[in-house]
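Visitor: The sequence shown: position 24 = 47 (our numbering), numbered continuously. Note that CB positions come from ideal geometry on N, CA and C, so glycine has one too.
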Amino acid sequence: MNTKPYPWGATALALCALGASSLSSATEVRFASFNASLNRGELGQLLDDLSNPGGAGFGDTTARRIQQAHNVAEIIQRTRPDVLLVNEFDFDDAGVPGSSSTMKPLGYSSEAARLFQNNFLSAGHGGGATGRTEVAPLDYAYRYTPTTNTGIPSGFDLDNSGSVGGGNDAFGFGNYAGQYGMTIYSKYEITGVRTFQNFLWKDMPNNLLTNDPSVGASNLANYYSPDEIAALRLSSKTHVDLTLNIEGQEVHFLTAHPTPPVFDGAEDRNGKRNSDEIRFWADYIAGADYIYDDAGQTGGLSEGSLFVIAGDYNADPNDGDSDPNAIRQLLESGLINNALVPTSAGGVEAATSPTNNGNANDSHGTPPEQDTADFNDAGPGNLRVDYVLPAVDLELVDAGVFWPTSDDSNFELVGTFRNPDLYNNYASSDHKLVWADVAITPAPVPIPGALPLLGSALVALGWCKRGAKR
Numbered sequence: 024m025n026t027k028p029y030p031w032g033a034t035a036l037a038l039c040a041l042g043a044s045s046l047s048s049a050t051e052v053r054f055a056s057f058n059a060s061l062n063r064g065e066l067g068q069l070l071d072d073l074s075n076p077g078g079a080g081f082g083d084t085t086a087r088r089i090q091q092a093h094n095v096a097e098i099i100q101r102t103r104p105d106v107l108l109v110n111e112f113d114f115d116d117a118g119v120p121g122s123s124s125t126m127k128p129l130g131y132s133s134e135a136a137r138l139f140q141n142n143f144l145s146a147g148h149g150g151g152a153t154g155r156t157e158v159a160p161l162d163y164a165y166r167y168t169p170t171t172n173t174g175i176p177s178g179f180d181l182d183n184s185g186s187v188g189g190g191n192d193a194f195g196f197g198n199y200a201g202q203y204g205m206t207i208y209s210k211y212e213i214t215g216v217r218t219f220q221n222f223l224w225k226d227m228p229n230n231l232l233t234n235d236p237s238v239g240a241s242n243l244a245n246y247y248s249p250d251e252i253a254a255l256r257l258s259s260k261t262h263v264d265l266t267l268n269i270e271g272q273e274v275h276f277l278t279a280h281p282t283p284p285v286f287d288g289a290e291d292r293n294g295k296r297n298s299d300e301i302r303f304w305a306d307y308i309a310g311a312d313y314i315y316d317d318a319g320q321t322g323g324l325s326e327g328s329l330f331v332i333a334g335d336y337n338a339d340p341n342d343g344d345s346d347p348n349a350i351r352q353l354l355e356s357g358l359i360n361n362a363l364v365p366t367s368a369g370g371v372e373a374a375t376s377p378t379n380n381g382n383a384n385d386s387h388g389t390p391p392e393q394d395t396a397d398f399n400d401a402g403p404g405n406l407r408v409d410y411v412l413p414a415v416d417l418e419l420v421d422a423g424v425f426w427p428t429s430d431d432s433n434f435e436l437v438g439t440f441r442n443p444d445l446y447n448n449y450a451s452s453d454h455k456l457v458w459a460d461v462a463i464t465p466a467p468v469p470i471p472g473a474l475p476l477l478g479s480a481l482v483a484l485g486w487c488k489r490g491a492k493r
């Protein structure tokens with residue numbers, strides 16, 4: 024009997040390694056969130072502004088609005104994200120301003136999103152008389168613009184004012200349908216989309232609408248009528264799950280913009296909604312089965328899915344008017360990588376400047392370098408409300424906030440709180456762009472011809488084992 028060892032086992036293992044090509048080094052992908060304040064005071068105004076890039080300046084309100092859009096574009100070009108969410112970007116349906124409750128298909132881009140790409144992002148900025156270094160254009164191959172609940176009439180007196188109509192009585196606050204929407208730009212292919220615009224608040228288990236622990240008129244089950252409770256949607260804009268193909272890996276880009284936890288009364292309807300809007304993603308990444316999307320598909324993410332959560336969540340973990348536990352539902356989730364917190368030197372300067380009009384920042388618990396929004400210093404002060412949060416299975420390489428200090432030539436792109444000489448008192452937005460660099464390991468790619476050879480080796484290995492037994 025021949026008892027000499029056969030080399031087929033080692034050969035089969037080598038072919039296994041050949042069949043799935045050795046993994047190349049990870050690709051660093053920059054994800055970003057920017058509440059860019061590209062909402063406008065009147066229906067259709069954003070389309071007009073983005074159609075006229077040459078009208079920028081400071082001579083009148085229209086020129087200042089267009090200049091603000093250029094400043095936003097330059098900030099994006101200077102940070103150069105690969106995947107970008109823009110909050111507060113007015114929605115239009117193929118050039119017709121307004122919104123609806125019908126989800127847009129994969130690949131839909133609003134006309135405003137196209138104009139912003141072609142007339143602003145695709146044009147270089149800086150240089151010349153600006154005193155800033157020239158920055159190259161930035162082109163995105165893929166876009167998606169979802170419909171939004173903002174400004175869509177609910178038909179109910181949701182603020183209990185005694186009359187029906189206006190922004191407070193819409194499914195999400197907006198003075199017209201589509202105001203404060205969002206759009207997404209990506210250098211990577213968008214291969215799938217789920218939206219949750221029509222998900223009903225009451226259908227979230229243990230929600231703060233029908234399970235409100237407060238008493239009396241402050242209990243939302245008492246504040247809202249049964250018909251209102253039956254109709255209220257959870258998302259003040261929409262929640263969107265975009266599937267991206269990054270180096271052969273499926274990465275879910277989860278975007279939202281929960282309502283500010285203010286502009287309400289003792290019932291705290293906006294604060295409670297804000298908390299549950301944030302909780303939606305915490306449940307989603309945990310695979311909750313109660314969730315349904317606008318196409319009727321149910322369930323959350325499957326275990327082990329790769330994702331990045333992004334958006335203006337209007338919630339600071341320590342300060343401001345939100346429930347401190349609202350954003351902690353994400354920050355303290357074991358499914359999220361919190362190894363790095365985005366910071367800036369500009370946030371520190373803005374919080375401690377002697378020119379501030381109040382001292383609210385002095386008592387804050389969140390370090391000022393982590394702030395992402397420049398709010399009234401008399402109250403609530405500057406806050407950390409914008410986030411880019413990757414899955415725990417993704418390596419977080421670097422992160423930051425675009426908030427330069429006043430001695431930086433790029434400072435005039437962000438400016439200071441309440442400059443009356445600028446559109447809406449800001450050079451760009453009261454929020455700052457937040458970014459995170461995430462390492463994505465390419466998926467294994469089978470080498471052509473290796474699998475048939477591997478099969479032959481495994482068959483031969485089986486025969487060898489039989490021979491050894493004999």
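Note down, in chain order, each residue of its chain lying with its Cβ closer than 7 Å to the Cβ of Ser74, except the 5 sequence neighbours on either side.
Guide: Along the sequence shown, read from residue 1 onward, the residue named residue 74 stands at position 51. Excluding residues within five positions, the ones whose Cβ falls inside 7 Å are Leu138.
Visitor: Just how far apart, CA to CA, sit Ile89 and Gly80?
Guide: Within the sequence shown, residue 89 is the residue found at index 66, counting from 1. Within the sequence shown, residue 80 is the residue found at index 57, counting from 1. If I take the Cα positions, the gap works out to 7 Å.
Visitor: On a Cα-Cα basis, can you pick out the residue from Pro403, Glu300, Ala368 that is closest to Leu231?
Guide: Residue mapping note: residue 231 aligns to position 208 of the sequence shown, counting from 1. Leu231 has its Cα closest to that of Glu300, out of Pro403, Glu300, Ala368.
Visitor: Below 8 Å between beta carbons: does that hold for Glu270 and Leu181?
Guide: Taking the sequence shown and counting its residues from 1, one reaches residue 270 at position 247. Taking the sequence shown and counting its residues from 1, one reaches residue 181 at position 158. No, the pair does not count as a contact, with Cβ atoms beyond the cut-off.
Visitor: Helix, strand or coil for Ile314 per DSSP?
Guide: Residue mapping note: residue 314 aligns to position 291 of the sequence shown, counting from 1. Note: Ile314 maps to coil in three-state DSSP.
Visitor: Assuming Ala305 and Ser345 form a contact by the criterion Cβ under 8 Å, report the distance between their Cβ atoms to the nearest whole angstrom.
Guide: Residue numbering aside, residue 305 sits at position 282 when the sequence shown is read from its first letter. Residue numbering aside, residue 345 sits at position 322 when the sequence shown is read from its first letter. About 15 Å separates the two Cβ atoms, so there is no contact after all.
Visitor: With DSSP as the reference, label Glu418 as helix, strand or coil.
Guide: The sequence position of residue 418 within the sequence shown is 395, counting from 1. It is a strand residue.
Visitor: I'd like to check one pair, Leu69 with Leu61: are the Cβ atoms closer than 8 Å?
Guide: Counting from one through the sequence shown, the residue named residue 61 turns up at place 38. Counting from one through the sequence shown, the residue named residue 69 turns up at place 46. Taking 8 Å as the Cβ cut-off, Leu61 and Leu69 qualify as a contacting pair.
Visitor: On the criterion of 16 or more Cβ atoms from any shown chain inside 10 Å, does Gly204 qualify as buried, or is it exposed?
Guide: Residue numbering aside, residue 204 sits at position 181 when the sequence shown is read from its first letter. By the 10 Å Cβ count, Gly204 comes out buried.
Visitor: Should Tyr313 be labelled buried (16 or more other beta-carbon atoms within 10 Å of its own) or exposed?
Guide: Walking along the sequence shown from the start, residue 313 turns up at place 290. With fewer than 16 other Cβ atoms within 10 Å, it is exposed.
Visitor: Threshold first: 3 residues or longer. Then list the beta strand (DSSP E) segments lying entirely within the segment 169-200, N to C.
Guide: Qualifying beta strand (DSSP E) stretches: none in this window.
Visitor: Could you check whether the segment 153-161 touches the segment 241-249, counting it as contact only if at least three pairs of C-beta atoms, one from each stretch, sit closer than 8 Å?
Guide: No, they do not touch.
Visitor: Within 10 angstroms of its Cβ, does Leu324 collect 16 or more other Cβ (buried), or is it exposed?
Guide: Numbered from 1 along the sequence shown, position 301 holds the residue referred to as residue 324. Classification of Leu324: buried, given that the 10 Å Cβ count is 16 or more.
Visitor: What's the C-alpha gap between Gln393 and Val364?
Guide: Translated into the one-based positions of the sequence shown, residue 393 becomes position 370. Translated into the one-based positions of the sequence shown, residue 364 becomes position 341. Approximately 7 Å, taken between the alpha carbons.
Visitor: Which same chain residues, not among the five before or five after Glu372, have their C-beta less than 7 Å away from its C-beta?
Guide: What you label residue 372 is simply residue 349 of the sequence shown in a count that begins at 1. Closer than 7 Å at Cβ, skipping near neighbours: Thr428, Ser429.
Visitor: How many whole angstroms separate the CB atoms of Val408 and Asp316, which I take to be in contact at a CB cut-off of 8 Å?
Guide: Taking the sequence shown and counting its residues from 1, one reaches residue 408 at position 385. Taking the sequence shown and counting its residues from 1, one reaches residue 316 at position 293. With a Cβ gap of about 26 Å, Val408 and Asp316 do not count as contacting.
Visitor: Is DSSP giving His262 helix, strand or coil here?
Guide: The residue labelled residue 262 in the question sits at position 239 within the sequence shown. Note: His262 maps to coil in three-state DSSP.
Visitor: Among Ala135, Gly215, Ser237, Val415, whose alpha-carbon lies nearest the alpha-carbon of Asp72?
Guide: Sequence index remark: in the sequence shown, residue 72 carries index 49 (1-based). Selected option, being the one with the closest Cα: Ala135.
Visitor: Less than 8 Å separating the beta-carbons of Ser122 and Gly201?
Guide: Translated into positions along the sequence shown, residue 122 becomes position 99. Translated into positions along the sequence shown, residue 201 becomes position 178. In this structure, Gly201 lies closer than 8 Å to Ser122 by Cβ.
Visitor: Answer with buried or exposed for Ala401, where buried requires no fewer than 16 other C-beta atoms within 10 angstroms of its C-beta.
Guide: Translated into the one-based positions of the sequence shown, residue 401 becomes position 378. Answer is exposed; the Cβ neighbour count stays below 16.
Visitor: If we call anything under 8 Å between Cβ atoms a contact, is Ala193 one with Gly174?
Guide: Mapped onto the sequence shown, residue 193 falls at position 170. Mapped onto the sequence shown, residue 174 falls at position 151. Yes, they are a contact pair.
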